[in-house]
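Below: the structure, in structure tokens.
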Amino acid sequence: MKKSDIIQMLLEEFPELDRKTVTNIVNGTFEAMMEALTKGQKIEIRGLGTFRVKSRPAKVARNPKTGEKINVPPKKVVHFKIGKLLKAKLNTRAGV
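Mapping of the sequence shown onto the numbering used here: position 44 corresponds to residue 293, and the numbering continues sequentially without gaps.
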């Protein structure tokens, strides 16, 4: 699903809103999420899950093609922990 698909779904759900308004809401939501994550804050959306920034330490890795050792610098990554409601819905729909 792309951002344009989300916008289209919201337009169908809320026909009283115009495309520009919905697009601004979606863009504003994503901007706020990115801003919070870049500040190191966690984002908790009940039922969906939690986004949080984790730090990965520097490490020495190996180039699989040449076998050469490579120093990989430390970096930050976004980690998502699934919420209970989403987990239950996924397992119900998958027939598990």
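Just so it is clear, CB atoms sit at the ideal spot from N, CA and C, and this is done for glycine as well.
Identity of the residues DSSP links to Phe300 by a beta bridge: Ile292, Phe329
Helix, strand or coil at Lys324 according to DSSP, with G and I counted as helix: DSSP places Lys324 in the strand class (E or B) of the three-state scheme.
Nearest residue (CA-CA) to Arg268, options Ile292, Glu280, Asp254: Asp254
Between the CA atoms of Leu260 and Leu266 - distance to the nearest angstrom: 7 Å
Arg301 and His328 closer than 8 Å at C-beta: yes
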